[in-house]
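Protein chains in written order, with the numbering used here: chain Z, 219 to 617; chain L, 219 to 617.
Quick reminder that beta carbons are idealized off the backbone N, C-alpha and C, glycines included.
There are 2 protein chains.
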Amino acid sequence: MTTDISPARADRLDAEDELAAFRERFVPIGDPGVVAYLDGNSLGRPLRATAERLRELVEHEWGGRLIRAWEERWLALPEELGDELGRVALGAAPGQTIVADSTSVCLYKTLRAAAALRPGRDEIVTDTANFPTDRFLVESVAAELGLTVRWAESEDVAAVAGPRTAVVTLSHVDYRTAAITDLAAVTRVVHEHGGLVVWDLCHSVGSLPVELDAAGADFAVGCTYKFLNAGPGAPAFLYANARHHAAFGQPVTGWMGAADTFGMAAEYVPAPGIRRALSGTPPVLGMVGVQEGVALLAEAGIGRVRAKAVALGRWVLALADAWLVPLGFTIASPRDDDRRGGHVTLRHPDAERLSHVLIEHGVLIDFRRPDGIRIGLSPLTTGFAEVRRAMDRIRELAG
Amino acid sequence: MTTDISPARADRLDAEDELAAFRERFVPIGDPGVVAYLDGNSLGRPLRATAERLRELVEHEWGGRLIRAWEERWLALPEELGDELGRVALGAAPGQTIVADSTSVCLYKTLRAAAALRPGRDEIVTDTANFPTDRFLVESVAAELGLTVRWAESEDVAAVAGPRTAVVTLSHVDYRTAAITDLAAVTRVVHEHGGLVVWDLCHSVGSLPVELDAAGADFAVGCTYKFLNAGPGAPAFLYANARHHAAFGQPVTGWMGAADTFGMAAEYVPAPGIRRALSGTPPVLGMVGVQEGVALLAEAGIGRVRAKAVALGRWVLALADAWLVPLGFTIASPRDDDRRGGHVTLRHPDAERLSHVLIEHGVLIDFRRPDGIRIGLSPLTTGFAEVRRAMDRIRELAG
Numbered sequence: 219m220t221t222d223i224s225p226a227r228a229d230r231l232d233a234e235d236e237l238a239a240f241r242e243r244f245v246p247i248g249d250p251g252v253v254a255y256l257d258g259n260s261l262g263r264p265l266r267a268t269a270e271r272l273r274e275l276v277e278h279e280w281g282g283r284l285i286r287a288w289e290e291r292w293l294a295l296p297e298e299l300g301d302e303l304g305r306v307a308l309g310a311a312p313g314q315t316i317v318a319d320s321t322s323v324c325l326y327k328t329l330r331a332a333a334a335l336r337p338g339r340d341e342i343v344t345d346t347a348n349f350p351t352d353r354f355l356v357e358s359v360a361a362e363l364g365l366t367v368r369w370a371e372s373e374d375v376a377a378v379a380g381p382r383t384a385v386v387t388l389s390h391v392d393y394r395t396a397a398i399t400d401l402a403a404v405t406r407v408v409h410e411h412g413g414l415v416v417w418d419l420c421h422s423v424g425s426l427p428v429e430l431d432a433a434g435a436d437f438a439v440g441c442t443y444k445f446l447n448a449g450p451g452a453p454a455f456l457y458a459n460a461r462h463h464a465a466f467g468q469p470v471t472g473w474m475g476a477a478d479t480f481g482m483a484a485e486y487v488p489a490p491g492i493r494r495a496l497s498g499t500p501p502v503l504g505m506v507g508v509q510e511g512v513a514l515l516a517e518a519g520i521g522r523v524r525a526k527a528v529a530l531g532r533w534v535l536a537l538a539d540a541w542l543v544p545l546g547f548t549i550a551s552p553r554d555d556d557r558r559g560g561h562v563t564l565r566h567p568d569a570e571r572l573s574h575v576l577i578e579h580g581v582l583i584d585f586r587r588p589d590g591i592r593i594g595l596s597p598l599t600t601g602f603a604e605v606r607r608a609m610d611r612i613r614e615l616a617g
Numbered sequence: 219m220t221t222d223i224s225p226a227r228a229d230r231l232d233a234e235d236e237l238a239a240f241r242e243r244f245v246p247i248g249d250p251g252v253v254a255y256l257d258g259n260s261l262g263r264p265l266r267a268t269a270e271r272l273r274e275l276v277e278h279e280w281g282g283r284l285i286r287a288w289e290e291r292w293l294a295l296p297e298e299l300g301d302e303l304g305r306v307a308l309g310a311a312p313g314q315t316i317v318a319d320s321t322s323v324c325l326y327k328t329l330r331a332a333a334a335l336r337p338g339r340d341e342i343v344t345d346t347a348n349f350p351t352d353r354f355l356v357e358s359v360a361a362e363l364g365l366t367v368r369w370a371e372s373e374d375v376a377a378v379a380g381p382r383t384a385v386v387t388l389s390h391v392d393y394r395t396a397a398i399t400d401l402a403a404v405t406r407v408v409h410e411h412g413g414l415v416v417w418d419l420c421h422s423v424g425s426l427p428v429e430l431d432a433a434g435a436d437f438a439v440g441c442t443y444k445f446l447n448a449g450p451g452a453p454a455f456l457y458a459n460a461r462h463h464a465a466f467g468q469p470v471t472g473w474m475g476a477a478d479t480f481g482m483a484a485e486y487v488p489a490p491g492i493r494r495a496l497s498g499t500p501p502v503l504g505m506v507g508v509q510e511g512v513a514l515l516a517e518a519g520i521g522r523v524r525a526k527a528v529a530l531g532r533w534v535l536a537l538a539d540a541w542l543v544p545l546g547f548t549i550a551s552p553r554d555d556d557r558r559g560g561h562v563t564l565r566h567p568d569a570e571r572l573s574h575v576l577i578e579h580g581v582l583i584d585f586r587r588p589d590g591i592r593i594g595l596s597p598l599t600t601g602f603a604e605v606r607r608a609m610d611r612i613r614e615l616a617g
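In structure tokens form, the structure reads like this:
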């Protein structure tokens with residue numbers, strides 16, 4: 219089966235794209251050297267509204283309301299933003315999600331909390347191909363709690379869980395290949411063995427629908443600076459299913475997680491709900507980008523975003539098959555639309571050098587060791603002609 | 219001894235104030251209802267430059283350089299900003315300070331790291347009057363490591379340290395009374411017993427000179443949103459003396475603390491220096507305020523800032539003695555200039571209700587249970603006539 223990969227087809231796809239108008243909501247890329255931005259899965263582009271809201275926040279909320287803004291608005295932000303993110307992107311009912319800290323810190327807290335909920339079990343299971351932070355934290359938490367790490371390959375992770383498994387932690391979408399793990403199925407199997415699952419949603423949130431409540435998920439974390447366009451190092455999120463709240467404990471017991479933050483109590487009494495997952499003072503400036511990114515996603519709808527991500531993925535595959543496979547590239551991502559997330563990874567023996575050349579020539583992809591070139595597809599900003607231009611340039615530079 | 223507290227004196231003090239011109243560098247308080255802002259020790263006011271730099275960052279660095287900005291600039295920020303903060307405000311040579319996370323998370327990491335450096339010792343010492351987050355974290359870390367918490371009163375904390383003491387943690391300036399603890403003396407005594415000290419500098423950084431290296435300090439943490447004016451929930455900082463780096467370990471082993479962040483290695487190998495204290499992706503937007511706040515402090519000089527803080531403190535005491543002590547207020551802060559930090563706390567049996575009334579009338583102080591009204595003095599923004607107006611209003615409303 220051949221696909222029409224003509225410039226006219228690209229233009230038609232762009233013309234028919236229901237989300238095309240959303241691109242105008244983003245700050246234009248001022249650099250004329252940029253041919254295509256295909257790294258929104260590492261760092262999403264800024265919304266115009268974020269720049270404007272930051273100015274307002276500094277001048278009016280912070281500069282005008284001063285300390286009063288904490289009571290009036292900011293103290294509630296971790297939960298308010300979490301609820302909105304839960305509704306728009308996570309399939310999570312209110313009261314189970316907070317926006318706070320970094321993904322690393324949120325993952326540390328949830329791994330500790332989950333392990334404490336399964337005393338007597340002595341194994342943490344994860345995937346050898348999981349993102350470094352996730353693997354490192356699994357080892358760190360296992361070492362401090364005296365647990366054994368059981369390593370699985372992506373394909374068999376549900377199968378290695380057993381009666382000794384306290385916690386399984388996995389990435390919903392693989393950062394290298396974009397392969398989607400069946401969140402509901404894995405959760406079910408681990409629950410059958412009596413274990414808990416901590417999901418890393420970094421590469422799925424804002425790119426494909428996540429249905430945490432429907433899957434009966436336990437815990438999840440993720441970042442907001444990829445498909446949610448919240449900005450470099452924007453705060454992360456942490457989801458804990460309401461059924462775990464009463465017993466949820468975490469070790470970074472700062473004042474914001476206490477039942478009465480300003481009570482200056484003698485003893486730490488955790489806040490009753492998801493707020494107990496908080497620690498330090500909420501990072502208000504960083505939350506502005508989260509707020510704007512989530513609001514734009516709400517407007518676009520995760521269903522339309524996913525549909526366009528699938529179409530963009532097919533487009534990359536068609537172009538790669540026609541132009542790049544003959545040059546020695548292979549496709550590392552699943553061809554099955556239902557199993558592929560928001561990027562496509564091409565493998566090439568010379569990927570590292572080639573990536574540098576591509577970036578110098580304005581094709582902003584990213585390289586992942588040992589031999590992957592990731593083509594990130596951000597449905598709110600990425601266009602079909604833009605992708606074609608980039609693939610054409612890869613063909614030229616790799617040829 | 220009576221002090222001249224006339225309006226003319228206030229004007230003269232403002233006229234002679236070398237730092238008065240710095241007020242123009244801040245966003246004006248747009249709210250005409252604000253009589254005086256005396257809560258910069260909770261939330262410093264925004265600099266005009268911060269609003270401007272945020273716009274630049276969003277539009278040019280993030281929007282223009284996109285993912286390339288990480289390599290070009292952002293990845294180095296935690297250490298670059300840390301070095302500058304260390305030079306300007308902490309008496310710390312380069313390579314020992316990072317800007318990252320929240321104070322709670324930084325304190326958790328340093329308490330864990332310090333305890334691990336003193337195996338075989340089974341006590342953590344802190345002060346019953348320490349800030350809630352600090353006390354809560356001491357208890358949390360003690361519980362997870364099987365240590366005993368030994369509680370001291372502020373006055374005797376050095377005396378209770380002994381051969382079983384692994385770690386002492388204290389606030390340099392007391393959040394309620396502004397009493398300064400002798401950082402060098404306490405560090406020396408604890409070292410004599412073989413223990414380590416973790417200093418909380420939240421209420422001293424940017425307000426008075428701190429000399430960590432000269433004191434042979436071990437670890438320190440603090441926030442940047444008070445006297446450094448970095449913004450609500452701006453990132454915190456963590457100092458670890460270079461002599462501890464080789465053995466420094468912390469449990470939140472995210473990719474940014476690894477020796478080769480993008481190596482995607484099988485095992486966590488900590489970065490060689492202070493970078494091993496990092497975990498997640500640096501919060502770039504929040505760092506803008508830190509950068510501008512530190513730059514302004516560098517321009518003003520911590521010596522001049524401290525001198526004005528002392529003068530403002532004396533001014534508050536003179537006004538309080540004349541007007542408020544007769545109304546039933548007492549002074550909770552040290553009268554000795556050398557022992558008083560950047561705020562003055564007044565006690566009153568009806569402080570809670572009175573604080574609400576004051577805030578409604580535009581005198582922005584803050585209340586600290588059970589009976590404290592804190593008068594925060596931010597030398598870069600606070601004026602002598604402003605303080606007099608506020609104290610006059612307190613007299614009127616409490617009378």
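Contacting residues, own chain, Cβ-Cβ under 6 Å from residue i (five flanking each side not counted)
i       : result
G601(L) : D232
L295(L) : P500, M505
W369(L) : T346
A311(Z) : D431
One or two residues paired with residue i in a DSSP bridge
i       : result
F455(L) : V317(L), G440(L)
E341(L) : T366(L), T383(L)
P488(Z) : A476(Z)
R565(L) : T548(L), G590(L)
I398(Z) : V391(Z)
V581(Z) : A254(Z)
Under 9 Å between C-beta atoms of residue i and residue j
i       : j       : result
I520(Z) : L564(Z) : no
D352(Z) : D418(Z) : yes
N259(Z) : L595(Z) : yes
A454(Z) : V317(Z) : yes
L355(Z) : L329(Z) : yes
A254(L) : G580(L) : yes
C420(Z) : F466(Z) : no
V512(L) : P597(L) : no
I398(L) : L261(Z) : no
Residue i: contacting residues in chain L (beta-carbon distance under 8 Å)
i       : result
H278(Z) : G248
S358(Z) : P469, V470, T471, Y486
Y457(Z) : The premise fails here: Y457(Z) is roughly 17 Å from chain L at the closest Cβ pair, so nothing lies under 8 Å.
W292(Z) : P450, G451
Own chain residues within Cβ distance below 7 Å of residue i, not counting five before or after
i       : result
W292(L) : P500, V502
W541(L) : M609, R613
A360(L) : I342, T366, V367
R382(Z) : R339, D340, E341
Interface residues of chain L facing residue i [CB-CB closer than 9 Å]
i       : result
R587(Z) : F480, G481, M482
Y255(Z) : L284, I285
Selected residue, minimal CA-CA separation from residue i, among the options
i       : options                            : result
F585(L) : L256(L), P225(L), E341(L)          : L256(L)
A269(L) : G309(L), T399(L), N447(L)          : N447(L)
T430(L) : D301(L), H579(L), V252(L), E236(L) : Correcting the residue identity first, residue 430(L) is Leu in this sequence and not Thr. Nearest option by C-alpha distance: D301(L).
L496(Z) : P469(Z), G481(Z), A516(Z), L515(Z) : P469(Z)
A616(Z) : P490(Z), L545(Z), G424(Z)          : L545(Z)
M474(Z) : A464(Z), R283(Z), G304(Z), P488(Z) : P488(Z)
Proximal residues of chain L, C-beta to C-beta of residue i below 7 Å
i       : result
S260(Z) : I285
Min CB distance residue i to chain C below 9 Å
i       : result
Y443(L) : No chain C appears in this structure, whose protein chains are Z and L.
Sequence-distant residues of its chain with Cβ nearer than 8 Å to residue i (five each side left out)
i       : result
L275(Z) : V502, L503, V506
L325(Z) : T351, D352, L355, T387, V416, D418, V439
Where residue i meets chain Z, residues with beta-carbon distance less than 8 Å
i       : result
G504(L) : G451, P501, L503, G504
S320(L) : D319, G472, S497, G498, T499, P501
A476(L) : P350, F354
Under 9 Å from the C-beta of residue i: neighbouring residues of chain Z
i       : result
T600(L) : Chain Z residues near T600(L): none, gap ~13 Å exceeds 9 Å.
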